[in-house]
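Mapping of the sequence shown onto this note's numbering: residues 115 to 599, in sequence order. Since the structure comes first, as structure tokens, the remarks are kept for the end.
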Amino acid sequence: MTDARPPIQPSTFAAWSWAVVLVLLLAANTAWAAQRQLDRPPPPPPGSPVESGRPPPPPPPGGWNTAPPPEQTPPAQITPPAPVAVEPAAPDASPVVAGSVADLENKLADARRSNNTADISAALIRLADAQLQAGQASRALPLLEEAVTLSSRYNDDRQGREAALLMAKAYLAQDDAGMADTWNKRAEQFRERIERQIAPRPEASGDATATPATGAPAVVAPPTNGVDGAEQPAAAPSQARWLWLLLPVCLLLIWAWLRSQRKADDLRNETERLARHQKHLRNAHQTLQQQAEHLRQTATQDALTGALTRQAFANDLSELLHHAQHYGKPVAFFLFDLDHFKSVNDTYGHLAGDIALKMVAGVVRENLDSQDLFGRFGGDEFLIACMDGDAATAPLLAEKIRASVRKHAVDGHESLHDISISVGIAIADPEQGYDLATLFTHADTALYAAKRAGRNCVRLADAGLATPPSSEFPLRSLAATPNDA
């Protein structure tokens, strides 16, 4: 009996394991990229000394935070400094044109060779401004469109605003008020974005806003990282806090992955154990089938000749007679034995007798059809049953078998030269009936008549045959145990 439960495949757990590994790698890469972005210093604004490559102006004597001497400003005239408000550039502001258009075209070519986006955008704006001042608005438009595209791509809002204002000016020069209004709105959008990027100044404490005791006004330090006093926002701790939230999630995923791996290993071991068990059951089942087939052959086939045993032939003949009776068909029953078989055993030994029996069995099979029955009654006696065999065809088949046996005996070994067979035939039909015992008795009587006629002949049972005396030829039955010769 085999186990019907299918083995569990661990492929699902392996897939989950790879998914967990990929998620962990993605989370780590995202955290590293975010931290690197936070740690990266902000780029210098366009036009600043750092961006343009010019050195920053030197600090005043004493440093940026040094207050002027007290005597320079009378104490009575000291008032608190007003907060410095960052005003956006005026809408009509434009970059200062330096040099002729030809010089600016050379600077644009140098900027393109340097592959610096900020330099290219600034050179485009200056060249376009110079062309506008020269009355070449149509040539300035493509340059300004390229400058706006670069500024939008790299988030340079200041240069984008300058380019947008010049675009509006160029369209006004071409009497296109609609497009000029559109680009003025675009410049306003750039201005609002600039204002949102400027961090508000922190509120000073009470002590810091008060006028110093000396009466000297505090000097505001120049901006350190931009132009127009705009300070870039510092990396707030809240911006990196979400990175720490990934830590428990990663630990949970690692724990789930390890647990799934352990579960996958357990399932893999259980699958291998079940596979071994199923293989053992299959081998045991095949062994049992082979043993059952061997027992069936032993019970139904004669080991020496391969013919049906007496009991198996009786069972099959009973079914054949029942089938023939149902359809009203005749059945021919043959009972024959080997003549002078005892002398072969006495003269040449039992091995020669076995050879003679196998020779006769082989000849009989050559002359029978696949649906005919062939069995061994015992010793040197054999049985044949043929469906649709009647009184006209049965003697012809028996005579053919007899002649073939005799021919093989003469052509064979010396020990087979005297071998021949005597055949008795009985017919079961609707007139004579289909009783198994009566059929066997008639065939046995016909065999006795063939023996009395000199052996090596065929006799068909009829009413004229005399019943053999019990002293010479005792009556037998197909169900009785034979006495092997």
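Think of the CB as a built atom: it goes at the ideal place given N, C-alpha and C, for glycine as much as any other residue. The model shown is predicted, which means the values in this text are computed figures rather than measured ones.
Separation of residue j from residue i, as counted between CA atoms
i, j, result
"Ser214", "Thr144", "49 Å"
"Glu219", "Asn230", "16 Å"
"Trp356", "Val363", "11 Å"
"Trp369", "Gln392", "34 Å"
"Ala251", "Asp224", "23 Å"
"Asn238", "Gln245", "One detail in the question is off: residue 238 reads as Leu in this sequence, not Asn. Near 11 Å, if we compare the C-alpha coordinates of Gln245 and Leu238."
"Glu480", "His399", "36 Å"
"Tyr635", "Asn397", "The requested residue 635 is not part of the displayed model; the chain covers only 115 to 599."
"Ala301", "Asp289", "19 Å"
"Pro202", "Lys299", "Confidence in Pro202 is poor, its pLDDT being 43 and thus under 50, which makes the residue's placement too unreliable to answer from."
"Arg590", "Ala470", "24 Å"
"Leu402", "Val135", "50 Å"
"Gly442", "Asp468", "39 Å"
"Thr296", "Ala147", "38 Å"
"Arg307", "Leu279", "15 Å"
"Leu358", "Asp379", "For clarity, residue 358 is Trp in the given sequence; the question names Leu instead. Rounded to whole angstroms, Trp358 to Asp379 spans 32 Å at the Cα level."
"Thr385", "Arg373", "18 Å"
"Arg85", "Leu465", "Given that the chain is displayed from residue 115 to residue 599, the structure contains no residue 85 and the question cannot be resolved."
"Leu139", "Leu367", "11 Å"
"Gln411", "Leu510", "32 Å"
"Leu381", "Ser432", "58 Å"
"Ala287", "Pro256", "15 Å"
"Arg253", "Arg240", "13 Å"
"Met281", "Ala294", "7 Å"
"Glu260", "Ala236", "11 Å"
"Arg275", "Leu360", "39 Å"
"His408", "Thr581", "41 Å"
"Gln404", "Asn383", "32 Å"
"Ser266", "Arg310", "16 Å"
Buried or exposed by the 16-neighbour rule on C-beta atoms within 10 Å, applied to residue i
i, result
"Ala560", "buried"
"Ile515", "buried"
"Arg305", "buried"
"Gln303", "exposed"
"Gly292", "exposed"
"His440", "exposed"
"Pro444", "buried"
"Ser111", "Look at the range of the chain in this structure, 115 to 599, and you will see that residue 111 is not part of it."
"Lys521", "exposed"
"Ala216", "exposed"
"Arg390", "exposed"
"Ser600", "Limits of the chain in this structure are 115 at one end and 599 at the other, which puts residue 600 out of reach."
"Ser248", "In the sequence under discussion, the amino acid at residue 248 is Ala, which differs from the Ser named in the question. Exposed."
"Trp132", "exposed"
"Arg376", "exposed"
"Val572", "buried"
"Asp416", "buried"
"Gly568", "exposed"
"Ala499", "buried"
"His474", "The question names His, but residue 474 in the sequence shown is Val. The residue is buried, with at least 16 neighbouring Cβ atoms inside 10 Å."
"Ala142", "exposed"
"His436", "exposed"
"Ala523", "buried"
"Leu434", "buried"
"Leu395", "exposed"
"Leu222", "buried"
"Pro163", "Because Pro163 sits at a pLDDT of 40, beneath the cut-off of 50, its placement in the model cannot be relied upon, and the following sentence gives the value as read from the coordinates. Pro163 should be labelled exposed."
"Leu365", "exposed"
Nearest-angstrom beta carbon gap, residue j and residue i [assumed within contact, 8 Å]
i, j, result
"Leu449", "Asp558", "6 Å"
"Ala512", "Val478", "Incorrect: roughly 10 Å between the Cβ atoms, too far for contact."
"Val262", "Ala284", "Not a contact, Cβ separation roughly 12 Å."
"Asn453", "Ser518", "Asn is not the amino acid found at residue 453; the sequence shown has Asp there. Rounded, the Cβ-Cβ distance is 15 Å, inconsistent with contact."
"Asp543", "Asp494", "Wrong, their Cβ atoms sit about 29 Å apart, outside the cutoff."
"Ala242", "Leu264", "About 13 Å separates the two Cβ atoms, so there is no contact after all."
"Ala438", "Met501", "7 Å"
"Leu579", "Phe554", "Actually they do not touch by this definition, with Cβ atoms about 15 Å apart."
"Phe491", "Leu497", "5 Å"
"Ala648", "Thr414", "Outside the modelled stretch of the chain, which goes from 115 to 599, sits residue 648, for which no answer is possible."
"Lys472", "Leu418", "7 Å"
Chain C within 8 Å of residue i, Cβ atoms only
i, result
"Gln250", "Looking for chain C here will not work: only one protein chain is present."
Subject >> Three-pair Cβ contact test at 8 Å for the segment 413-423 versus the segment 501-512 >> reply: With the cut-off at 8 Å, the segment 413-423 and the segment 501-512 do not touch.
Original post:
Given 8 Å as the limit, is there contact between the segment 479-494 and the segment 539-559, that is, 3 or more CB pairs closer than that?
Top reply: Segments in contact, no.
Original post:
Touching or not, the segment 262-276 and the segment 223-239, by the rule of three or more beta carbon pairs under 8 Å?
Top reply: The segment 262-276 makes contact with the segment 223-239; the number of CB pairs closer than 8 Å reaches 3 or more.
**OP:** Inspect the CB distances between the segment 456-464 and the segment 528-536 and report whether three or more fall short of 8 Å.
**Re:** Contact between the segment 456-464 and the segment 528-536 is established, with three or more Cβ pairs separated by less than 8 Å.
Original post:
In chain order, which continuous runs of the alpha helix (DSSP H) of length 4 or greater are located wholly inside the segment 376-442?
Top reply: DSSP runs (the alpha helix (DSSP H)) wholly in the segment 376-442: 424-441.
Original post:
Considering only residues of the segment 440-494, which uninterrupted alpha helix (DSSP H) runs meet the minimum length of 4 residues and lie entirely inside it, listed in chain order?
Top reply: Runs of alpha helix (DSSP H) with 4 or more residues, each lying fully within the segment 440-494, are found at 455-462 and 464-481, listed in chain order.
**OP:** For the segment 231-260, list the alpha helix (DSSP H) runs that are entirely contained and at least 4 residues long, ordered along the chain.
**Re:** Complete alpha helix (DSSP H) runs here, min 4: 231-247.
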